[in-house]
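Q: Mind looking over this structure? Questions follow.
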Amino acid sequence: MPAMSSVAKENLRIREMNIDDFPEVFHIGEQIFTAESFQSLYRTWDEYEITTLFNSDTELCLVAETGDMILGFALGTTVKKHNSPWKYGYLVWLGVRSDIQQGGVGSGLFKEIKHRMKEQGVRMMIIDTSADNQPAISFFQKQGFDDIQEHVYMSLNLSRKSRKKPVKKP
Ligand SMILES: CC(C)(COP(=O)(O)OP(=O)(O)OC[C@H]1O[C@@H](n2cnc3c(N)ncnc32)[C@H](O)[C@@H]1OP(=O)(O)O)[C@@H](O)C(=O)NCCC(=O)NCCS
Numbered sequence: 615m616p617a618m619s620s621v622a623k624e625n626l627r628i629r630e631m632n633i634d635d636f637p638e639v640f641h642i643g644e645q646i647f648t649a650e651s652f653q654s655l656y657r658t659w660d661e662y663e664i665t666t667l668f669n670s671d672t673e674l675c676l677v678a679e680t681g682d683m684i685l686g687f688a689l690g691t692t693v694k695k696h697n698s699p700w701k702y703g704y705l706v707w708l709g710v711r712s713d714i715q716q717g718g719v720g721s722g723l724f725k726e727i728k729h730r731m732k733e734q735g736v737r738m739m740i741i742d743t744s745a746d747n748q749p750a751i752s753f754f755q756k757q758g759f760d761d762i763q764e765h766v767y768m769s770l771n772l773s774r775k776s777r778k779k780p781v782k783k784p
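Numbers 615 to 784, taken from my numbering, label the letters of the sequence shown in order.
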């Protein structure tokens, strides 16, 4: 596959994903959502992410392509919160091939999914990413996202033998 540094806007096409795109989308995701860059176990990139979102929200599963090469994808869903009249649009996965990042593909995908969410009555879009994923944070800030809320994840290793603290004798 040729390395690409940028894509001419007129050659970029954003369309709904179809089942023939699954393998390519999966492999692009494997390339960019690596264990090192996405350390949280709460979000793991696997084939079920693609099929589940495709089955529930086909209109919010998009790919960007030039010619017949897929360059990136956006997979989203909508969420209704209990006790809230608002409909939220959750952009679950947004990914662009590493060799063409910063070439406008992410912005194109974002523009289209935002438009589609708005058409579906979404009043607020939400995203989440690791606190150290500065490129993504800058990207979303450029798209107008603000109000960053930090969330703490904790883990307990159950395979490690617990060392009981010695009981102090009086
Ligand atoms: C985040 C991501 C989707 C952005 O897509 P992209 O095609 O590279 O983004 P664009 O070229 O449309 O960038 C638009 C703006 O975002 C910001 N931005 C994008 N990449 C950036 C980077 N590496 N560093 C700093 N700012 C960046 C810039 O403000 C840029 O505007 P500019 O070109 O005028 O400077 C892409 O970097 C990616 O796939 N990252 C890995 C996966 C990921 O982290 N996904 C998000 C969480 S699910």
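Idealized CB from N, CA, C, for every residue including glycine.
Please read all numbers here as calculations on a predicted model, not as lab measurements.
For tryptophan 700, count neighbouring C-beta atoms within 10 Å of its own C-beta (all shown protein chains included) and say buried if the count is 16 or more, exposed if not.
A: As a first step, residue 700 is located in the sequence shown; it is residue number 86 there, counting from the start. With fewer than 16 Cβ atoms within 10 Å of its Cβ, tryptophan 700 is classed as exposed.
Q: For valine 661, write down the residues that DSSP places opposite it in a beta bridge.
A: Working through the sequence shown from its first residue, we reach residue 661 at position 47. Reading off the sequence shown, one finds glutamate at residue 661, where the question assumed valine. Partner(s): none; glutamate 661 has no beta bridge.
Q: What residue range is occupied by the uninterrupted beta strand (DSSP E) comprising lysine 694?
A: Taking the sequence shown and counting its residues from 1, the one referred to as residue 694 is at position 80. Start and end: 683-694.
Q: Identify whether threonine 672 lies in helix, strand or coil by the three-state DSSP scheme.
A: One-based indexing of the sequence shown puts residue 672 at position 58. Of the three classes helix, strand and coil, the one that applies to threonine 672 here is helix, per DSSP.
Q: Output the boundary residues of the beta strand (DSSP E) element that contains arginine 627.
A: Within the sequence shown, the letter at position 13 stands for residue 627. It spans 627-630 - the beta strand (DSSP E) in which arginine 627 sits, taken as one unbroken run.
Q: Does the beta carbon of proline 749 fall short of 7 Å from some heavy atom of ligand 1?
A: On the sequence shown, residue 749 is found 135 positions in, with the first residue counted as 1. Answer for proline 749: yes, Cβ within range of ligand 1.
Q: Determine, using beta carbons only, whether leucine 571 and methionine 731 come nearer to each other than 8 Å.
A: Beyond the ends of the chain as shown, which are 615 and 784, falls residue 571; an answer cannot be given.
Q: CB-CB under 7 Å to isoleucine 727, same chain, minus the five flanking residues each way: which ones, in chain order?
A: What you label residue 727 is simply residue 113 of the sequence shown in a count that begins at 1. Excluding sequence neighbours, isoleucine 727 sits near Leu674, Leu676, Ala688, Gly690 and Leu705.
Q: Determine the direct distance from the alpha carbon of tryptophan 707 to that of leucine 667, and round the result to whole angstroms.
A: In the sequence shown, counting from the first residue as 1, residue 667 sits at position 53. In the sequence shown, counting from the first residue as 1, residue 707 sits at position 93. Rounded to the nearest angstrom, the two C-alpha atoms are 10 Å apart.
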